[in-house]
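So the first sequence is numbered by our numbering: it starts at 323 and just counts up by one.
Here the structure comes first, spelled out in structure tokens, and everything after it is commentary.
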Amino acid sequence: MQHLRHLNPAQRDAVLTPSGPLLILAGAGTGKTRVITYRMAELIRRGTPAERILSVTFTNKAAKEMQHRTAELLGKNVRKKPQVSTFHALCVRILRQDITALGYPANFTIFDRGDQESAARTALRDIRVPETSLRPGDLLSRISQWKMRNQLPPEAASSAENDLDFLGATAYRRYQANLKASAAVDFDDLLLLTVQLFDEHPEILARHQARFDHVQIDEYQDTNGTQFEIVEALVRPHGNLCVVGDDDQSIYAWRGAELRHILGFASTFPGTKVIRLEDNYRCTDEILHLANTLVRNNRNRHDKQLLPHKVGVNSVRFAAFADENAEAQNVVNDINYLVQQMNVSPSDFAILFRTNEQPRVFESELRRHRLPYIVLGSMSFFDRREIRDILAYLKVLVHREDEISLLRIINVPARGIGAGTVEKIIKRAVQNGQRFWETIPDAAAAGEIPKGTLSAIQRFQELLDRYRQRLAASPKNISGLVRDLIETIDYEGEIEKQYKEPQQQLLRSAMLDELIDSIKQYEERADEPSLSEFLEESALTGRDDEDDKEEKLSQQGIKLMTLHSAKGLEFPRVYLVGLEEGLLPHKRSIDAPVESIDEERRLAYVGITRARDYLTLSRAASRMKWGKRRPSIPSRFLFEMKGMQPQSAEQEEVIIEE
DNA sequence: AAGGAGGGTTTTTTT
DNA sequence: AACCCTCCTT
Numbered sequence: 323m324q325h326l327r328h329l330n331p332a333q334r335d336a337v338l339t340p341s342g343p344l345l346i347l348a349g350a351g352t353g354k355t356r357v358i359t360y361r362m363a364e365l366i367r368r369g370t371p372a373e374r375i376l377s378v379t380f381t382n383k384a385a386k387e388m389q390h391r392t393a394e395l396l397g398k399n400v401r402k403k404p405q406v407s408t409f410h411a412l413c414v415r416i417l418r419q420d421i422t423a424l425g426y427p428a429n430f431t432i433f434d435r436g437d438q439e440s441a442a443r444t445a446l447r448d449i450r451v452p453e454t455s456l457r458p459g460d461l462l463s464r465i466s467q468w469k470m471r472n473q474l475p476p477e478a479a480s481s482a483e484n485d486l487d488f489l490g491a492t493a494y495r496r497y498q499a500n501l502k503a504s505a506a507v508d509f510d511d512l513l514l515l516t517v518q519l520f521d522e523h524p525e526i527l528a529r530h531q532a533r534f535d536h537v538q539i540d541e542y543q544d545t546n547g548t549q550f551e552i553v554e555a556l557v558r559p560h561g562n563l564c565v566v567g568d569d570d571q572s573i574y575a576w577r578g579a580e581l582r583h584i585l586g587f588a589s590t591f592p593g594t595k596v597i598r599l600e601d602n603y604r605c606t607d608e609i610l611h612l613a614n615t616l617v618r619n620n621r622n623r624h625d626k627q628l629l630p631h632k633v634g635v636n637s638v639r640f641a642a643f644a645d646e647n648a649e650a651q652n653v654v655n656d657i658n659y660l661v662q663q664m665n666v667s668p669s670d671f672a673i674l675f676r677t678n679e680q681p682r683v684f685e686s687e688l689r690r691h692r693l694p695y696i697v698l699g700s701m702s703f704f705d706r707r708e709i710r711d712i713l714a715y716l717k718v719l720v721h722r723e724d725e726i727s728l729l730r731i732i733n734v735p736a737r738g739i740g741a742g743t744v745e746k747i748i749k750r751a752v753q754n755g756q757r758f759w760e761t762i763p764d765a766a767a768a769g770e771i772p773k774g775t776l777s778a779i780q781r782f783q784e785l786l787d788r789y790r791q792r793l794a795a796s797p798k799n800i801s802g803l804v805r806d807l808i809e810t811i812d813y814e815g816e817i818e819k820q821y822k823e824p825q826q827q828l829l830r831s832a833m834l835d836e837l838i839d840s841i842k843q844y845e846e847r848a849d850e851p852s853l854s855e856f857l858e859e860s861a862l863t864g865r866d867d868e869d870d871k872e873e874k875l876s877q878q879g880i881k882l883m884t885l886h887s888a889k890g891l892e893f894p895r896v897y898l899v900g901l902e903e904g905l906l907p908h909k910r911s912i913d914a915p916v917e918s919i920d921e922e923r924r925l926a927y928v929g930i931t932r933a934r935d936y937l938t939l940s941r942a943a944s945r946m947k948w949g950k951r952r953p954s955i956p957s958r959f960l961f962e963m964k965g966m967q968p969q970s971a972e973q974e975e976v977i978i979e980e
């Protein structure tokens with residue numbers, strides 16, 4: 323019990339409650355990650371085999387960290403690694419085993435966000451809905467909401483309240499059918515299909531229930547309906563479920579997260595023991611006071627009293643600048659001064675923002691000062707057109723049925739298969755209920771395909787076959803295959819055509835090198851490298867965090883990230899920027915129902931409580947938007963925070979004109 | 001079919 | 001400002 327001595331009584335209580343339903347209500351900075359890690363280690367120490375405990379975290383990064391720290395706590399006592407995974411990774415493992423029971427092939431593809439968008443576009447086109455009446459993005463979010471409520475297309479159609487909903491439900495059906503035909507599942511399907519599997523096949527559920535004696539879930543406030551159902555099903559036999567969360571930090575409602583799961587946990591699971599962690603060891607009293615003042619404006623929450631354990635002097639600053647450039651310059655100057663003159667480590671700093679468009683200015687300022695920085699969680703890498711194109715090739719190689727990816731690359735780089743022909747083939751395929759490739763002979767016979775195009779199609783098919791054979795012959799040499807593929811299709815030539823500026827060209831082909839690098843890293847890391855596993859990994863993690871390299875880098879740089887990706891992290895010095903109406907709270911939430919503002923407020927709360935010692939809240943008086951400069955109004959949250967300390971806030975505010 | 005010009009649209013957050 | 005779509009010319 324030596325290791326528990328620096329826990330407070332509440333924390334120790336949480337760690338030492340081994341069974342039954344347990345709800346740990348843990349405010350920001352109360353060490354909840356530590357508690358849940360210790361708890362897992364303690365369970366193992368008391369004799370539960372590591373592999374019989376399932377810990378679910380919110381991100382892959384958190385999973386890795388927890389696995390690492392548990393192993394550290396246990397020392398050499400345990401051979402098996404503790405099971406830690408995200409919901410999505412957990413579901414992938416379950417589905418790879420058992421999805422055939424639902425009529426999907428076991429080697430299904432996982433569609434990432436970009437694939438989903440193409441699929442949505444295709445579905446709309448198939449049912450002849452113009453994108454002007456329903457955008458693919460809007461369709462996707464509707465579909466996601468339906469799926470998170472476990473509603474299938476027919477139900478969705480019958481519960482539709484207006485024409486647009488009905489249209490959406492029809493498109494949903496088409497989208498789902500297309501995905502299934504492509505042997506593909508999207509992110510929500512991973513969860514939804516697992517729920518369906520458990521519902522329809524009790525014997526399969528029983529098998530998975532039998533694998534675990536204990537289940538723990540971190541960040542429980544962000545659980546959505548399907549995730550809840552999966553957990554509830556898994557712990558049904560024993561009720562050994564421990565959840566940790568903070569209702570004030572729920573920031574994923576738009577992804578289906580529902581506060582009622584954490585607020586109603588004790589009534590859902592009778593006999594729940596509730597433990598509150600209210601000692602904040604992270605923030606100074608000033609920072610914590612500011613956060614509490616702000617979040618108190620929310621109504622639907624557990625009122626809690628977070629106790630500070632640190633005293634700060636002038637640890638909070640407010641600043642306003644003329645525009646976003648001045649904001650970036652001043653923030654970076656400030657950091658630069660502290661790094662250069664006061665010897666503060668760059669890794670002490672984080673710049674937090676609401677939207678992904680904001681960091682650009684900061685990046686260029688940081689580069690100008692030659693300060694090391696890292697942009698976290700920007701999905702920029704796998705989101706780049708080049709990367710997506712090549713990945714689409716790879717997906718087509720592995721999954722012949724994946725027509726979404728096929729259509730993306732069938733004429734990229736241009737090879738004489740024009741849009742007109744492709745459209746004709748698709749139309750025919752949809753009419754006859756055939757697959758794309760099956761339709762081609764018919765379409766050719768009907769004279770729909772010009773001779774030149776037909777031979778181009780044949781050449782393309784031969785290319786794919788050649789690479790498929792090669793993949794079958796040497797499945798482990800993925801990086802070599804990709805390099806040759808890029809060469810064969812002359813993607814470099816495509817880049818030169820597409821981008822006129824040499825700098826752009828260089829940048830874009832560097833992306834290709836990076837892709838090959840990340841594949842090489844995967845090859846080294848994996849026990850049994852395979853292209854399909856690489857694709858699965860890159861879909862699930864978005865980007866491939868090269869473990870050590872990235873970690874080392876992240877130790878010595880200034881971190882830039884969105885408020886969403888800052889969840890669960892902490893930094894000695896935080897700059898929360900862009901506190902303006904329309905940005906934080908975001909315009910879309912201002913236009914939406916009132917509760918959305920509460921979520922934006924929680925987002926601001928999360929941002930504030932990331933700061934250990936110093937916090938700077940800044941805004942710009944004007945901002946470029948859509949190529950035009952527009953005035954920005956200070957965020958309502960600033961007034962809410964200052965409501966408690968107006969005079970000091972006013973005094974500290976400085977407007978710096980350019 | 002390809003490439004370029006011009007016009008319209010866009011920015012929430014992510015496993 | 002950056003991107004995508006459409007239309008036009010080659």
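Just so you know, even glycine gets a beta-carbon here, dropped at the ideal spot from N, CA and C.
Beta carbon of Arg934 nearer than 8 angstroms to that of Ala888: no
Can you grab the Cα-Cα spacing for the pair Ser911 / Glu922, in whole Å? 8 angstroms
For Asn754, name the three-state secondary structure that DSSP assigns. helix
Opening and closing residue of the alpha helix (DSSP H) in which Ser854 lies: First-last of the alpha helix (DSSP H) with Ser854: Leu853 to Thr863.
Using alpha carbons as the reference points, say which of Glu816, Asp806, Arg805 and Lys798 lies closest to Ala848. Lys798
Runs of alpha helix (DSSP H) wholly within the segment 586-624 (minimum 4 residues, chain order): Secondary structure remark: continuous alpha helix (DSSP H) runs of at least 4 residues inside the segment 586-624, in chain order: 587-590 and 607-617.
Return the first residue and the last residue of the alpha helix (DSSP H) that Tyr659 is part of. Glu646 to Gln662
For Phe433, the first and last residue of its enclosing beta strand (DSSP E): According to the DSSP assignment, Phe433 belongs to no beta strand (DSSP E), since it is labelled neither H nor E.
Between which two residues does the alpha helix (DSSP H) carrying Tyr715 extend? Tyr715 -> alpha helix (DSSP H) spans Arg707 to Val720.
Terminal residues of the continuous alpha helix (DSSP H) containing Phe409? From DSSP, the alpha helix (DSSP H) with Phe409 extends over Phe409 to Asp420.
Cβ neighbour criterion (16 or more within 10 Å) applied to Trp468: buried
DSSP three-state label for Leu937, please. Strand, per DSSP.
Please state if the CB of Val357 and the CB of Leu629 are separated by a distance shorter than 8 angstroms. no
Note the first and the last residue of the continuous alpha helix (DSSP H) segment covering Leu776. Run containing Leu776: Lys773 to Ala795, per the alpha helix (DSSP H) assignment.
Does DSSP put Asn500 in a helix, in a strand, or in coil? Asn500 falls in the helix class under three-state DSSP.
Touching by the beta-carbon criterion (3+ pairs, under 8 angstroms), the segment 788-805 and the segment 849-859: yes
Residue burial classification, Val378 (beta-carbon count within 10 angstroms, cutoff 16): buried
If contacts are defined as beta-carbon pairs under 8 angstroms, then Lys373 and Lys402 qualify, I think. What distance do you get, rounded to the angstrom? Rather than Lys, the amino acid found at residue 373 in this sequence is Glu. At roughly 5 angstroms, the Cβ-Cβ gap stays under 8 angstroms, so Glu373 and Lys402 are in contact.
With DSSP collapsed to three states, give me the class of Phe534. coil
Which value, in whole angstroms, describes the spacing of the CA atoms of Lys717 and Asp724? Straight through space, the alpha carbons of Asp724 and Lys717 are spaced by roughly 7 angstroms.
Nearest to His536 (by Cα), restricted to the options Ile416, Gly802 and Arg361: Arg361
Of the residues Thr606, Leu344, Gln651 and Leu786, which one's Cα is nearest the Cα of Ala714? When each option's Cα is compared against that of Ala714, the closest is Leu786.
Look up Gln680 in the DSSP assignment and say whether it is helix, strand or coil. coil
Option in Ile762, Ala348 and Glu649 with minimal Cα separation from Lys626: Ala348
If you compare alpha carbons, which of Leu338, Asp448, Phe488 and Ala926 is closest to Gly755? Asp448
Residue of Val617, Lys502, Glu554 and Leu395 minimising C-alpha distance to Leu925: Val617
Taking all protein chains shown into account, do 16 or more other C-beta atoms lie within 10 angstroms of the C-beta of His624, making it buried, or fewer, making it exposed? exposed
What whole-angstrom Cβ distance do Leu688 and Val654 have, given they're in contact under 8 angstroms? 6 angstroms
Could you give the distance in angstroms between the alpha-carbon of Asp485 and the alpha-carbon of Val916? 24 angstroms
Alpha-carbon to alpha-carbon, Ile657 and Arg415: 44 angstroms
Rounded C-alpha distance that separates Lys871 from Gln389: Annotation note: pLDDT 46 at Lys871 (below 50); position unreliable, coordinate value reported separately. The straight-line gap from Cα to Cα measures roughly 19 angstroms.
Is it true that the CB of Ala555 sits closer than 8 angstroms to the CB of Phe527? The sequence shown places Leu at residue 527, not Phe. Cβ distance < 8 angstroms, so Leu527 and Ala555 count as in contact.
Candidates Phe591, Thr359, Lys749 and Glu760: closest to Val557 by CA position: Phe591
Would you tell me roughly how many angstroms separate the C-alpha atoms of Asn678 and Glu685, rounded to the nearest one? 12 angstroms
Between Thr408 and Phe433, is the Cβ-Cβ spacing less than 8 angstroms? no
For Arg951, the first and last residue of its enclosing beta strand (DSSP E): Lys950 to Pro953
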